[in-house]
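Residue numbers (the numbering used here): 1178 to 1602.
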């Protein structure tokens, strides 16, 4: 797998976490992503779906994804269901939408980051079969209530989680249908796009009708995972998001500003915090030395990502990759690399870095189809210098989060290579 991206910064704990994420990604990639290289060695589908975006940002995985996805489609049964491990011995067909999610996620990420449509076209029939299948699993309220749920919640045994399965499974099924609708549209399959969009819309409406408390803007479960997922996957309307985020902060503060999520919650939590201006809190939750955190793993001697978060070194497996989206967080939120922000143009790039006070420097790079992207910033006394190295033909914007401006007072500039002086206002 060729190197295609990387990250470094002034914080050695974050650098070490980037390193051990890369190690687990490579150790678990034997032609397709396995769950662990020392134990099961199975192609667990949720693991691959959760890791797809950070892997394709860091490594040239798309050819392997393309071949493994052929196997995924071959493993789909007559009803349209996907097994939880692939290849399978006809086992695992009831692991649920968070595992089935790989069916749409791999073609979506390959198209988003590499601009390649063949996986979409090859998967169209499987998408339709799955959409039909998931409509047969809806209950009388139009919701999905089966599967494994928010796996490996911090400090709990697998299967014991705060986010109700009916919520996480319904949301992940909705996201699958939404992405399938988008992908159908990108290859001109408009009737199929309409069908997928209708499934996504019905699931979202059912979630909003049955699983939200509008008095407090809280998703069912009253927990970090449910609340972060509801914000990230746009279950809340734009006018509801601010109040919903305050509820998320409340849940985090009740946990003493520490993680209390499983793998589904961790995939979205830190991004939600950064998007609402709480990057520093996200970093603290990731790097802190006390349980539960990634930094605690390092304190216990971890040299790869572990399977679960328990006090001390009681992890079931010490080499898993499905917690590795922190690398995506580093590249997207700290270095600010947002390739193809709308999903439909791989030659478009927005740069939106975050400047948490705990860091004095951050740098990320990614080799896009058009060429190498480098985004690097350094704090120099009262200013921040942002240096960009971009390929020819890339279009987009340089954006700054609230509280910062360029030296000329603007918050936005057209995308171009160069050095930029940024001031805190």
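Where a beta carbon is used, it is the ideal one built from N, C-alpha and C, also for glycine.
Beta-carbon spacing of residue i, residue j below 7 Å
i: residue 1520; j: residue 1289; result: yes
i: residue 1529; j: residue 1549; result: no
i: residue 1229; j: residue 1293; result: no
i: residue 1351; j: residue 1380; result: yes
i: residue 1263; j: residue 1252; result: yes
i: residue 1181; j: residue 1237; result: yes
i: residue 1446; j: residue 1438; result: yes
i: residue 1326; j: residue 1272; result: no
i: residue 1296; j: residue 1243; result: yes
i: residue 1449; j: residue 1408; result: yes
i: residue 1286; j: residue 1249; result: no
i: residue 1461; j: residue 1512; result: no
i: residue 1211; j: residue 1472; result: no
i: residue 1428; j: residue 1421; result: no
i: residue 1222; j: residue 1183; result: no
Alpha-carbon to alpha-carbon, residue j and residue i
i: residue 1321; j: residue 1278; result: 14 Å
i: residue 1458; j: residue 1410; result: 21 Å
i: residue 1562; j: residue 1599; result: 6 Å
i: residue 1303; j: residue 1454; result: 39 Å
i: residue 1545; j: residue 1538; result: 23 Å
i: residue 1406; j: residue 1574; result: 27 Å
i: residue 1269; j: residue 1536; result: 44 Å
i: residue 1404; j: residue 1395; result: 7 Å
i: residue 1470; j: residue 1581; result: 30 Å
i: residue 1468; j: residue 1431; result: 15 Å
i: residue 1355; j: residue 1361; result: 10 Å
i: residue 1390; j: residue 1318; result: 16 Å
i: residue 1497; j: residue 1226; result: 13 Å
i: residue 1198; j: residue 1589; result: 33 Å
i: residue 1525; j: residue 1518; result: 7 Å
i: residue 1591; j: residue 1547; result: 18 Å
i: residue 1358; j: residue 1388; result: 24 Å
i: residue 1566; j: residue 1241; result: 29 Å
i: residue 1179; j: residue 1568; result: 19 Å
i: residue 1495; j: residue 1195; result: 16 Å
i: residue 1333; j: residue 1284; result: 33 Å
i: residue 1488; j: residue 1500; result: 17 Å
i: residue 1239; j: residue 1208; result: 11 Å
i: residue 1335; j: residue 1466; result: 23 Å
i: residue 1576; j: residue 1267; result: 49 Å
i: residue 1337; j: residue 1559; result: 48 Å
i: residue 1265; j: residue 1218; result: 12 Å
i: residue 1415; j: residue 1214; result: 43 Å
Pick from the options that is closest to residue i, judged by C-alpha positions
i: residue 1527; options: 1229, 1464, 1361 and 1594; result: 1594
i: residue 1309; options: 1255, 1331 and 1438; result: 1255
i: residue 1543; options: 1225, 1369, 1235 and 1382; result: 1235
i: residue 1216; options: 1493, 1395, 1196 and 1313; result: 1493
i: residue 1220; options: 1205, 1232, 1510 and 1233; result: 1205
i: residue 1280; options: 1388, 1576, 1224 and 1416; result: 1224
i: residue 1374; options: 1353, 1387, 1392 and 1386; result: 1353
i: residue 1193; options: 1476, 1567, 1602 and 1511; result: 1476
i: residue 1578; options: 1510, 1591 and 1547; result: 1510
i: residue 1452; options: 1328, 1209, 1185 and 1506; result: 1506
i: residue 1426; options: 1402, 1416, 1414 and 1412; result: 1402
i: residue 1435; options: 1533, 1554 and 1486; result: 1486
i: residue 1330; options: 1465, 1400 and 1301; result: 1400
i: residue 1383; options: 1312, 1334 and 1186; result: 1312
i: residue 1564; options: 1576, 1488 and 1596; result: 1596
i: residue 1366; options: 1301, 1265, 1214 and 1222; result: 1301
i: residue 1585; options: 1571, 1572, 1602 and 1186; result: 1602
i: residue 1570; options: 1522, 1534 and 1417; result: 1522
i: residue 1186; options: 1534, 1386 and 1558; result: 1534
Whole-angstrom C-beta distance between residue j and residue i, which should lie under 8 Å
i: residue 1482; j: residue 1201; result: 4 Å
i: residue 1433; j: residue 1364; result: The pair is not a contact, with the Cβ atoms about 48 Å apart (cut-off 8 Å).
i: residue 1456; j: residue 1531; result: 4 Å
i: residue 1504; j: residue 1246; result: At roughly 22 Å, the Cβ-Cβ gap does not stay under 8 Å, so residue 1504 and residue 1246 are not in contact.
i: residue 1490; j: residue 1443; result: Not confirmed; about 19 Å, so no contact.
i: residue 1398; j: residue 1339; result: 5 Å
i: residue 1307; j: residue 1257; result: 5 Å
i: residue 1188; j: residue 1424; result: Wrong, their Cβ atoms sit about 29 Å apart, outside the cutoff.
Touching by the beta-carbon criterion (3+ pairs, under 8 Å), the segment 1337-1345 and the segment 1466-1482: At 8 Å Cβ cutoff, the stretches do not touch.
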